[in-house]
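S.K.:
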Amino acid sequence: HIGAVPMCMPIAARLVGMLHDLHPGIVCTLRSMSSSELESGLENMVLDMAMGYPERLEGTRAPLRVVPQYTEHYFLLRRASAPSPTGLQKGPSTTWAEAAALPLCLLTGEMHNRAIVDSAFRRAQVVPRPAIETNSILTLALAVVAGRVSSIMPGALVDAVQGYGELEALPLTEPFIEVPIALMVHESNRLSRTLEAALDFAQGPQWLAQAAEHGNLFGTAPPPAPPPGKP
Numbered sequence: 001h002i003g004a005v006p007m008c009m010p011i012a013a014r015l016v017g018m019l020h021d022l023h024p025g026i027v028c029t030l031r032s033m034s035s036s037e038l039e040s041g042l043e044n045m046v047l048d049m050a051m052g053y054p055e056r057l058e059g060t061r062a063p064l065r066v067v068p069q070y071t072e073h074y075f076l077l078r079r080a081s082a083p084s085p086t087g088l089q090k091g092p093s094t095t096w097a098e099a100a101a102l103p104l105c106l107l108t109g110e111m112h113n114r115a116i117v118d119s120a121f122r123r124a125q126v127v128p129r130p131a132i133e134t135n136s137i138l139t140l141a142l143a144v145v146a147g148r149v150s151s152i153m154p155g156a157l158v159d160a161v162q163g164y165g166e167l168e169a170l171p172l173t174e175p176f177i178e179v180p181i182a183l184m185v186h187e188s189n190r191l192s193r194t195l196e197a198a199l200d201f202a203q204g205p206q207w208l209a210q211a212a213e214h215g216n217l218f219g220t221a222p223p224p225a226p227p228p229g230k231p
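Letter by letter, the sequence shown follows residues 1 to 231 of our numbering.
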């Protein structure tokens, strides 16, 4: 039983698919869950493994092992000026302040990812005024496809709309946000063979390369530091 926060579901789905290809006898149940539900599921041993934000673990009572997976970077997703036959287009970098001035579709306030987005806006010293709020990651993308709103998404979710040539993803800077994503399991010396196999795969170079490729869209890197002596 594996739980994942909504923003990690595209990567979690890829993980369980590749794991099943390697070990056809392993049958996984993958559930989309909020961060608080993941924490409860791990504490109550309802979940064997969870993919989410390790930064939230400070208040968790259960002893957990953290297995780093990839780093989230953030993008502004909007309609492109003209569609591309090759799929999703990459636009130039834009700032969080510029994004705040647009009509946005954002997650609702109870979602941890919204807290990350709001923190970035605060660091940019701006306050967004969302046109749409939703608890559905599918709605985030469909609202951009269907209407005149933009959205803010991590690379893993933008990667899932690669086939939409009418969309454009712009890396967000000022600030440049990096959020670690990890798998979390109970710290135990008596793991089941199934869980041991899953953890071995999740720590292997083949999978970590896949997670980095699809979680860090376009190989996004921090902007270069200013020359010495300049702000």
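Glycine is no exception: its CB is placed at the ideal position from the N, C-alpha and C atoms.
Based on the DSSP output, what are the partners of T134 in its beta bridges?
M.R.: Bridge partners of T134: L107.
S.K.: For L170, write down the residues that DSSP places opposite it in a beta bridge.
M.R.: In DSSP, L170 forms a bridge with L76.
S.K.: Does P232 pass the burial test, meaning 16 or more other C-beta atoms within 10 Å, or should it be called exposed?
M.R.: Nothing can be reported for residue 232: it is not among the residues displayed for the chain, which extend from 1 to 231.
S.K.: For a quick check, are the C-beta atoms of V149 and I137 less than 9 Å apart?
M.R.: Cβ atoms of V149 and I137: not closer than 9 Å.
S.K.: How many angstroms separate the CA atom of A4 from the CA atom of K90?
M.R.: Taking the straight line from one Cα to the other gives about 27 Å.
S.K.: Enumerate in chain order the residues of its own chain whose CB-to-CB distance from F201 is below 7 Å, with the five nearest sequence positions on each side excluded.
M.R.: Closer than 7 Å at Cβ, skipping near neighbours: L19, L22, W207.
S.K.: Since L172 and W96 are thought to touch, with beta carbons under 8 Å apart, how far apart are those beta carbons, to the nearest angstrom?
M.R.: Confirmed, Cβ separation roughly 6 Å.
S.K.: Opposite Q89 in the DSSP bridges: which residues?
M.R.: E168, per the DSSP bridge assignment.
S.K.: Cα separation between A212 and L15?
M.R.: Cα to Cα, A212 sits roughly 12 Å from L15.
S.K.: Compare the Cα-Cα distances from R78 to each of I152, L42, L191 and report the closest residue.
M.R.: R78 has its Cα closest to that of I152, out of I152, L42, L191.
S.K.: Which two residues bound the contiguous alpha helix (DSSP H) that contains P41?
M.R.: A quick correction: the sequence has Gly, not Pro, at residue 41. Element bounds for G41: 35-43.
S.K.: Please report the straight-line C-alpha distance between N113 and A99, rounded to a whole angstrom.
M.R.: Whole-angstrom Cα-Cα distance: 16 Å.
S.K.: Where does G52 land, buried or exposed, given buried means 16+ other C-beta within 10 angstroms?
M.R.: Classification of G52: buried, given that the 10 Å Cβ count is 16 or more.
S.K.: Can you tell me whether T71 is helix, strand or coil according to DSSP?
M.R.: T71: strand per DSSP, three-state reduction.
S.K.: Does DSSP classify G52 as helix, strand or coil?
M.R.: Strand at G52.
S.K.: Is it true that the CB of E187 sits closer than 9 Å to the CB of L65?
M.R.: The question names Leu, but residue 65 is Arg in the sequence shown. Cβ atoms of R65 and E187: closer than 9 Å.
S.K.: Return the chain-ordered list of same chain residues with a C-beta closer than 8 Å to the C-beta of M7, the five sequence neighbours on each side being excluded.
M.R.: Within the same chain, M7 has close Cβ partners E72, N113, I137, M153, P154, A156, L157.
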